[in-house]
Every structure is written in C-alpha cells, then in structure tokens.
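**Student:** Those sequence lines, one after another, are chains V and B.
Residue 15 is where the first sequence starts when you use the numbering used here, and the numbers rise one by one after that.
Residue 11 is where the second sequence starts when you use the numbering used here, and the numbers rise one by one after that.
Where a beta carbon is used, it is the ideal one built from N, C-alpha and C, also for glycine.
Below is one structure. I have some questions about it.
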Amino acid sequence: MRDDTLHEPEQALHVEDLTVTYGANPVLWDIDLDIPPGVMCAIVGPNGAGKSTLIKAALGLVRPVAGHVRFLGRPIGQMRGQIGYVPQRHSVDWDFPTTARDVVEMGLYRDLGWLRRPGKAEHARALAALAEVGMQDYADRQISQLSGGQQQRVFIARALVQDAPILILDEPMAGVDASTEAIIIALLKKLRDAGRTVIVVHHDLTTVQSYFDWLVMLNVRIIAQGPVAQTYSADNLRAAYGRHLAMIAVPAEEAAS
Amino acid sequence: MTAIIDLFSSDIVQTVLIGAALLGAISGMLGAFAVLRRQSLLGDALSHAALPGVCLGFLIAGGRDLGSVMVGAFATGALAALVMMLIVRRTSLKTDAALGIVLSVFFAVGIVLLTVIQTQGGSGSLGLMTFLFGQAAAILRSDLWVMGGVGLVALLLVLAFWKEFKLVSFDAAFARAQGFPVTALEAVLTVMVALAIVVGLQLVGVVLMVALLIAPAAAARQWTNSLGGMVVLSAAIGAASGAGGALVSATTRGLATGPVVVLIATGIVMVSLLIAPGRGLVWQATAARRARARISDGRVLATLQGFAQMHDDAGYPSERGMLQVALGVKPPAATLASLESRGLIRSVTHPPETTPHWELTKAGHSEAAALSGQPETRQRTT
Ligand SMILES: Nc1ncnc2c1ncn2[C@@H]1O[C@H](COP(=O)(O)OP(=O)(O)O)[C@@H](O)[C@H]1O
Ligand SMILES: [Mg+2]
Numbered sequence: 015m016r017d018d019t020l021h022e023p024e025q026a027l028h029v030e031d032l033t034v035t036y037g038a039n040p041v042l043w044d045i046d047l048d049i050p051p052g053v054m055c056a057i058v059g060p061n062g063a064g065k066s067t068l069i070k071a072a073l074g075l076v077r078p079v080a081g082h083v084r085f086l087g088r089p090i091g092q093m094r095g096q097i098g099y100v101p102q103r104h105s106v107d108w109d110f111p112t113t114a115r116d117v118v119e120m121g122l123y124r125d126l127g128w129l130r131r132p133g134k135a136e137h138a139r140a141l142a143a144l145a146e147v148g149m150q151d152y153a154d155r156q157i158s159q160l161s162g163g164q165q166q167r168v169f170i171a172r173a174l175v176q177d178a179p180i181l182i183l184d185e186p187m188a189g190v191d192a193s194t195e196a197i198i199i200a201l202l203k204k205l206r207d208a209g210r211t212v213i214v215v216h217h218d219l220t221t222v223q224s225y226f227d228w229l230v231m232l233n234v235r236i237i238a239q240g241p242v243a244q245t246y247s248a249d250n251l252r253a254a255y256g257r258h259l260a261m262i263a264v265p266a267e268e269a270a271s
Numbered sequence: 011m012t013a014i015i016d017l018f019s020s021d022i023v024q025t026v027l028i029g030a031a032l033l034g035a036i037s038g039m040l041g042a043f044a045v046l047r048r049q050s051l052l053g054d055a056l057s058h059a060a061l062p063g064v065c066l067g068f069l070i071a072g073g074r075d076l077g078s079v080m081v082g083a084f085a086t087g088a089l090a091a092l093v094m095m096l097i098v099r100r101t102s103l104k105t106d107a108a109l110g111i112v113l114s115v116f117f118a119v120g121i122v123l124l125t126v127i128q129t130q131g132g133s134g135s136l137g138l139m140t141f142l143f144g145q146a147a148a149i150l151r152s153d154l155w156v157m158g159g160v161g162l163v164a165l166l167l168v169l170a171f172w173k174e175f176k177l178v179s180f181d182a183a184f185a186r187a188q189g190f191p192v193t194a195l196e197a198v199l200t201v202m203v204a205l206a207i208v209v210g211l212q213l214v215g216v217v218l219m220v221a222l223l224i225a226p227a228a229a230a231r232q233w234t235n236s237l238g239g240m241v242v243l244s245a246a247i248g249a250a251s252g253a254g255g256a257l258v259s260a261t262t263r264g265l266a267t268g269p270v271v272v273l274i275a276t277g278i279v280m281v282s283l284l285i286a287p288g289r290g291l292v293w294q295a296t297a298a299r300r301a302r303a304r305i306s307d308g309r310v311l312a313t314l315q316g317f318a319q320m321h322d323d324a325g326y327p328s329e330r331g332m333l334q335v336a337l338g339v340k341p342p343a344a345t346l347a348s349l350e351s352r353g354l355i356r357s358v359t360h361p362p363e364t365t366p367h368w369e370l371t372k373a374g375h376s377e378a379a380a381l382s383g384q385p386e387t388r389q390r391t392t
C-alpha cells in the first residue's frame, strides 16, 4: 500500500510552504526550499534562526503546522534509513555507559530489525566507519573519555555506517579543534564527490566559500538559496544577519565596493 | 549459629527473603533505565501518587489483597503521569513544577484516605500503614507469584527490546529519525518503572520507593562502563539491599524494613562514590596526586618563564592559582620548596593580594632558558 507517485523527485530535499511554531511563535515561516542531489550544502543563519528546527521538521521530528517535505520525491516515512542524521553533539549525555563502537552500531539497529542483536558483520562495519573518521584506535573507548572532536567524529561514523545517499549534519564543526574540522570536511567532500548529498548546518561564515558549493541562508524565512557563488553576497548576509554583520566576513570584492 | 540456621529454615523468613530480593532486583534493573533517562523524579512522583490507589484498592477489595492494591496503585500512578504530561503541554509550568504539584496533591489525597480508613477501623486496616514505609514481613507466599510474574515480564521485555531501549535511552531524536516508534518504547519503559514501583511498595513504601529505584543504579554506574554491566549490577545491588534489609528487620524487633533497605542501598552508593576505580573520589584523588608528582621542576620553571615573557617583566610575580591553572594541577609544595632552596625561584608578596606569589631569580631564568632553548626574558628597564 505504498504511494508511488513521486513529487519533485529530481530534488534531494524539497520543502514547500513549511511553517513550524513553538507555542504561538513561528520559528519557520513559509519555507520553500530545494537542494539538488550531489551538492555539499551549508545552511547558515544567526542563532535561533530555526536551522535545527528546519532539519528536525524535514526529518519528521517536529510536526509542522503547514507544508510538506520530500526526499528524492518521497515523504520521510519511506526514506528512513536512507538519510544519515548527525544531531547536535550536546543533544545527548556523553556519560552514558557505552563505547564508541557501540554508538556507531546504533546506526545499524534499523537494518537489523526487531529482536536481532549486532553480530560480527555489524562489528566490522562499525569499525570500518570509525576508521573513515580516523577513530579506529578508540573503538572500545568509553564515550565519556573522548574529546569533543572525537565524540563528534563518533556521531558522524554512526551516520556513515548506514551508507545513506543523503547526510544531514547539525553543526558538526561546533567546538571541535582545527584538525578534527579538517578531517570532517575532507570526509564530507569525499562523500559529495562520490555522489552523496551532504547538508550541513554551519555556523562559521568565513569558511562557507571554501567548504561548500550550495548555500541556504535562513532567518525564520528563507533569505537566499542557490550555488554559493551567487548566494554568498553582502546584501544577502545583511538581510540574514542584520546589524551584527560587522563582525562577520563579507565577500572581499563587495566589501571593497 | 543454630539460631541462624533455624532462621533460614523458617518458612516465613524464606518468603520474606525471596520476596525482598526479588523486589530489589526488579527495581534495580528498571531503575538503571530510569536513571539513564533522567526520570528519577518521575519515579518519586509516581510512587507518592500510588498511595491513594493503594487505599482505593483496599476499600474496593474490602481488605489487604495484594492484587487489588497493586491495580489501584498502578491506576493512580498512571493518572498522575497523565496529569503531569497535560500540565507540561497545556500550561507554561516546567516539568519540575508539574512533578512537585502532582506529587503533593496525590500524596495528600492518599493520606486523607488512609486516615479515613483507619478511623473506620476494621480488619487489617493497620496493614495499610505498611505501605507508607514498607514491611517485608507482610509479604505472603502467594505474593511471591505476583512479584515473580512482574519480574519475569520485565526481564523478557528488557531482553527482547534491549537494543531499542539502549538507543532510546541514549539518543531518542536519532531513534525517531531512524523510524523507531520512540513514543511507544518510552511508554513501555515508563510503564515498567511504574510496575517496579507498584511491586516495591510492599518492601520500602511510597515515601522511600524512589531510593530503591535510584540508589542501586547510581552505585552500579560507578563500577561499570557498559549498559549490560550496569543493569545486571544494579539488579544485584537491589536484591542484596532488599534481602539485607529484610534480614535485619526480621531479626530486630520494631525496625521497619523500608528505611533499613534504603540505608543499605545508600550505604552501597556512598562506598561506590568513594572507592570505585576510575570514577570514585578516592581513585580520582590518587590519580591527581600521581599527576602532581609528575610535575617536574622544569615545567614549573617553564611556566613561570612563560608568564614573565607574556607580561614582558622578568620579575613578574605569578600567583599560585595561575600556576595551578597553567599546569592543570596544584603545584606540589615540595617542588616549589626545592626550587626555592636551589635559588631558582623566590617567594614574594604582591600587595594587596595576600596569596603566595613566586618569581624567577636570575639563576631561575638561565635555568628555564637552558631547558627550553629560548632566549632569556629581558630585564624590564623602567
Ligand atoms: N523545543 C522548543 N520549545 C520552544 N522553543 C524552541 C524549542 N526549540 C527551539 N525553540 C526556539 O525556536 C527558535 C529556533 O531554534 P533552533 O531551530 O534551535 O535555532 P538554530 O538552530 O538556528 O540556532 C529559537 O528561538 C528557539 O528558542
Ligand atoms: Mg541549532
């Protein structure tokens, strides 16, 4: 009983008329958004702009008051397991009694199905995912004993292990050291080059141009979206960030003018 | 000796021991999940809210029948959980305030009912008081079957949904994104906690029940780093506390079981917080002492030199607290004393501060420079 009529199947993520409120306040207002497959897309906007909420609404974790979301033409219910999700690191308690490899295996629980436990095959896949983020030596380490950057890499490995065509990461570079950031970006670019769609909530405007090829600017409403070269402009930044812009990098050629 | 053997061969003592151990094990096992999901306070509210249900069950059954008492306790507990959820969703009150209100209102109603039943008198109304602080001796052989059944169901559920419970306890948002029925899984976990409370009431009573839920889990967490280890150990600690408390109160006249069980469990928590390897206070203090011993004279000199360079002042007086921050541990007094006696540093005062300060001597500067291979800080010329 599956509805096979696809809606906008040529977009990795298609959002239309999406409005989300917490109580009476609209946090996202009438969002129309398209992200094509195979891009590395940054979602930027000031604190409280609704970036995390946009991701959660797209994944069906918060219920919108209006609008719809499609991944590759399908509603989220049909796409679970094909979307790797990396929540904000501080959304969980890292003192939970478990190891890095155990956390990565959680990305395989869905495929395993009910009643089955992870076995040798799952252990091996988890180790391979940890190796991709350079964490193979920490597989049996307690997660509370990892540094912030290492915890973030474990979270990314948990999404990688699913082999999903679409990856969504919420501020993966927040509070990590420079070397971890380099590892994460190199890995994400590699995945993008292999044809995956990578969507990243990003907080550091100075690196947007060097890291990403697609950009969504958000502040409750969509301010701009499209290829970075066309969307990363002083006007758009001012519209999204308002007067705080003085502290933020402005594209060189426009700043001079 | 023969007295003890007599004690164990007594039918009543056996029943009490088995029952208490069983109740402790169930609360310990389910308490581990409650603690990891930060639901300890919910457990407290649920157990207090069980009291009016206990009284209603007593009134309806016309006596102290475990089955109806448990159903009543479960019903008012569930009602309390529902009311709490509605308050949080529909009003601007936060969870802790909603918990506090629901806990006190339900408990007050329970106390009123309890007093009413007692003034009416009647057979067994005294037995109802045991639900306030618990009494293992009141456990009957037939009760064991009820407890065993609840324990078995909980155990089977935990085994069957082990990986789902683990995922939901660690990262519910991720579980939801993966398509797991998170609300249903969380409901099962909460209902099981409510069940553990209901069966545990007999042993420790509504007032202290939350301790039997939290204490074994808190103690177990200190000793193990895996969820499986924590759940098993927590059940074992719960069983030991239950059995120990039952024995003590069976052999000592006039001691209520509940408080003794809770004292044993919290005693185990105290010991665990102190001496558990890795997380215990003693262990951590020892580790800090070892780290301090590893602070070499050279690092202290280099740090003082660093401060001097940073302030462009060869005679910069560094406060002890600053050294501690820079080194990561308190600089050992012995190291400072030895450096001073070798003429490398000197103790100075830096009014108006009264804390000890240290500055590098000329020899100290040469020594630090030789160690680090960097040029000496120039003497300030002003
Ligand atoms: N669970 C919630 N309940 C109420 N308000 C929320 C909740 N989550 C987020 N908000 C509010 O919604 C707005 C957007 O939040 P969020 O999506 O986290 O922003 P961002 O990720 O862009 O910093 C903020 O003003 C925040 O305070
Ligand atoms: Mg956010």
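Within the same chain, show all residues whose beta-carbon is closer than 6 Å to that of residue 178(V), passing over the 5 residues directly before and after it, in chain order.
**Tutor:** The residue given as residue 178(V) occupies position 164 in the first sequence. Correct list, in chain order: 96, 97 and 98.
**Student:** Go ahead and pull the three-state DSSP assignment for residue 357(B).
**Tutor:** Here the question's residue 357(B) lines up with position 347 in the second sequence. DSSP places residue 357(B) in strand when its eight states are reduced to three.
**Student:** Thinking residue 101(V) and residue 184(V) are a contact (beta carbons under 8 Å), I'd like their distance in whole angstroms, please.
**Tutor:** Position 87 of the first sequence, counting from 1, holds the residue named residue 101(V). Position 170 of the first sequence, counting from 1, holds the residue named residue 184(V). Contact flag correct, Cβ pair sits at about 6 Å.
**Student:** Taking the continuous beta strand (DSSP E) assigned at residue 367(B), which residues delimit it?
**Tutor:** Within the second sequence, residue 367(B) is the residue found at index 357, counting from 1. Where residue 367(B) is concerned, the enclosing beta strand (DSSP E) stretches over 363–370.
**Student:** Please confirm if the stretch 294–302 of chain B is in contact with the stretch 170–186 of chain B, defined as three or more CB-CB distances below 8 Å between the two stretches.
**Tutor:** Touching, no, given that fewer than three Cβ pairs across the two stretches are closer than 8 Å.
**Student:** For residue 59(V), collect the residues of the same chain with a Cβ closer than 7 Å to its Cβ; drop the 5 residues on either side in sequence, then sort them by chain order.
**Tutor:** On the first sequence, residue 59(V) is found 45 positions in, with the first residue counted as 1. The residues are 65, 231, 232, 233 and 254.
**Student:** Whose Cβ in chain V lies nearer than 9 Å to the Cβ of residue 265(B)?
**Tutor:** Within the second sequence, numbered from 1, the residue matching residue 265(B) stands at position 255. Correct list: empty, because the minimum Cβ distance to chain V is about 35 Å.
**Student:** Per the DSSP calculation, residue 50(B) is bridged to which residue(s)?
**Tutor:** The residue labelled residue 50(B) in the question sits at position 40 within the second sequence. Paired residue(s): none; residue 50(B) is not in a bridge.
**Student:** Run the proximity test for residue 68(V): is its beta-carbon closer than 8 Å to any non-hydrogen atom belonging to ligand 1?
**Tutor:** Counted from its first residue, the first sequence places residue 68(V) at position 54. Because some heavy atom of ligand 1 lies under 8 Å away, the Cβ of residue 68(V) counts as near it: yes.
**Student:** Just confirm the distance between the C-beta atoms of residue 202(B) and residue 211(B), as a whole number of angstroms; I'd bet it's less than 8 Å.
**Tutor:** Counted from its first residue, the second sequence places residue 202(B) at position 192. Counted from its first residue, the second sequence places residue 211(B) at position 201. Their Cβ separation, rounded to whole angstroms, is 15 Å, which puts residue 202(B) and residue 211(B) out of contact at 8 Å.
**Student:** Along the stretch 104–115 of chain V, what residues have a CB closer than 9 Å to any CB found in chain B?
**Tutor:** Result list: 105, 106, 107, 109, 110, 111, 112 and 113.
**Student:** Of the residues that make up the stretch 137–149 of chain V, which ones have a beta carbon closer than 8 Å to any beta carbon in chain B?
**Tutor:** Listed by position, the residues of the stretch 137–149 of chain V near chain B (Cβ gap below 8 Å) amount to none.
**Student:** Any heavy atom of ligand 2 closer than 8 Å to the CB of residue 41(V)?
**Tutor:** For the purposes of this step, residue 41(V) is taken as residue 27 along the first sequence, with counting starting at 1. No, Cβ of residue 41(V) sits at least 8 Å from all heavy atoms of ligand 2.
**Student:** Give me the DSSP bridge partner(s) of residue 98(V).
**Tutor:** Along the first sequence, read from residue 1 onward, the residue named residue 98(V) stands at position 84. Partner(s): 181(V).
**Student:** Let me check you understand the geometry: is the CB of residue 203(V) closer than 8 Å to at least one non-hydrogen atom of ligand 2?
**Tutor:** Here the question's residue 203(V) lines up with position 189 in the first sequence. Every heavy atom of ligand 2 is 8 Å or more from the Cβ of residue 203(V), so no.
**Student:** Give the straight-line distance between the Cα atoms of residue 35(B) and residue 22(B), rounded to the nearest whole angstrom.
**Tutor:** Numbered from its first residue, the second sequence carries residue 35(B) at position 25. Numbered from its first residue, the second sequence carries residue 22(B) at position 12. Looking at the two C-alpha atoms, the distance is approximately 20 Å.
**Student:** Would you report the Cα separation of residue 319(B) and residue 338(B), rounded to the nearest angstrom?
**Tutor:** For the purposes of this step, residue 319(B) is identified with residue 309 of the second sequence, where counting begins at 1. For the purposes of this step, residue 338(B) is identified with residue 328 of the second sequence, where counting begins at 1. Between residue 319(B) and residue 338(B), the C-alpha separation is close to 20 Å.
**Student:** Give the list of continuous alpha helix (DSSP H) stretches no shorter than 4 residues that lie fully inside the stretch 191–241 of chain V.
**Tutor:** Within the stretch 191–241 of chain V, the complete alpha helix (DSSP H) runs of at least 4 residues are 192–207 and 222–225.
**Student:** Any C-beta of chain V within less than 7 Å: which residues of the stretch 41–56 of chain B qualify?
**Tutor:** Result list: 46.
**Student:** Relative to the alpha-carbon of residue 313(B), which residue among 303(B), 341(B) and 288(B) has its alpha-carbon at the smallest distance?
**Tutor:** Position 303 of the second sequence, counting from 1, holds the residue named residue 313(B). Taking only the C-alpha atoms, the option nearest residue 313(B) is 341(B).
**Student:** What is the rounded straight-line gap between the Cα of residue 374(B) and the Cα of residue 141(V)?
**Tutor:** Position 364 of the second sequence, counted from the start, is the residue given in the question as residue 374(B). Position 127 of the first sequence, counted from the start, is the residue given in the question as residue 141(V). Their Cα atoms are separated by approximately 50 Å.
**Student:** Alpha carbon to alpha carbon, how far is residue 20(V) from residue 111(B)?
**Tutor:** To locate residue 20(V), count along the first sequence from 1; it is residue 6. To locate residue 111(B), count along the second sequence from 1; it is residue 101. Answer to the nearest angstrom: the Cα atoms are 50 Å apart.
**Student:** Quick check: the Cα distance between residue 107(V) and residue 237(V), rounded to an integer number of angstroms?
**Tutor:** Within the first sequence, the letter at position 93 stands for residue 107(V). Within the first sequence, the letter at position 223 stands for residue 237(V). Rounded to the nearest angstrom, the two C-alpha atoms are 34 Å apart.
**Student:** How about residue 202(V): is its C-beta nearer than 9 Å to some C-beta of chain B?
**Tutor:** Residue mapping note: residue 202(V) aligns to position 188 of the first sequence, counting from 1. For residue 202(V), the answer is no, since every Cβ of chain B falls outside 9 Å of its Cβ.
**Student:** Where do the N-terminal and C-terminal ends of the alpha helix (DSSP H) with residue 184(B) fall, by residue?
**Tutor:** Mapped onto the second sequence, residue 184(B) falls at position 174. Its alpha helix (DSSP H) spans residues 182–187.
**Student:** With 9 Å set as the bound, which would you pick, yes or no: does the beta-carbon of residue 118(V) sit closer than that to a beta-carbon of chain B?
**Tutor:** Counted from its first residue, the first sequence places residue 118(V) at position 104. False, the Cβ-Cβ gap to chain B never drops below 9 Å.
**Student:** Can you list, in chain order, the residues of its chain whose CB lies under 7 Å from that of residue 228(B), leaving out five sequence neighbours each side?
**Tutor:** Counted from its first residue, the second sequence places residue 228(B) at position 218. Cβ within range, chain order: 45 and 279.
**Student:** Output needed for residue 112(V): all residues of its chain with C-beta closer than 7 Å, excluding positions within five of it in sequence on either side, in chain order.
**Tutor:** Along the first sequence, one-based indexing puts residue 112(V) at 98. 157, listed in sequence order.
**Student:** Report yes if the C-beta of residue 75(V) is less than 8 Å from at least one heavy atom of ligand 1; otherwise report no.
**Tutor:** Taking the first residue of the first sequence as 1, we reach residue 75(V) at position 61. Residue 75(V) Cβ: outside cutoff for every heavy atom of ligand 1.
**Student:** Once DSSP output is grouped into helix, strand and coil, what is the label at residue 36(V)?
**Tutor:** By 1-based counting over the first sequence, the position of residue 36(V) is 22. Of the three classes helix, strand and coil, the one that applies to residue 36(V) here is strand, per DSSP.
**Student:** Near residue 36(V), which residues of its chain fall below 7 Å by C-beta distance, leaving aside the five closest residues on each side in sequence?
**Tutor:** Stepping through the first sequence from its first residue, residue 36(V) is reached at position 22. Cβ within range, chain order: n/a, list empty.
**Student:** Considering only C-alpha positions, which residue in the set 110(V), 139(V) and 105(V) is nearest to residue 121(V)?
**Tutor:** As a working note, residue 121(V) is residue 107 in the first sequence. Considering only alpha carbons, the answer is 139(V).
**Student:** Please confirm if residue 95(V) has its CB atom under 9 Å from at least one CB of chain B.
**Tutor:** Walking along the first sequence from the start, residue 95(V) turns up at place 81. Yes, contact with chain B.
**Student:** Return yes when the Cβ of residue 94(B) is within less than 9 Å of the Cβ of residue 105(B), no when it is not.
**Tutor:** Indexing the second sequence from 1 puts residue 105(B) at position 95. Indexing the second sequence from 1 puts residue 94(B) at position 84. It is a contact, given that the beta carbons lie within the stated cut-off.
**Student:** How about residue 81(V) and residue 48(V): do their beta carbons lie closer than 9 Å?
**Tutor:** As a first step, residue 81(V) is located in the first sequence; it is residue number 67 there, counting from the start. As a first step, residue 48(V) is located in the first sequence; it is residue number 34 there, counting from the start. It is not a contact, given that the beta carbons lie outside the stated cut-off.
**Student:** So who's on the other strand from residue 85(V), going by DSSP bridges?
**Tutor:** As a working note, residue 85(V) is residue 71 in the first sequence. Paired residues: 27(V) and 88(V).
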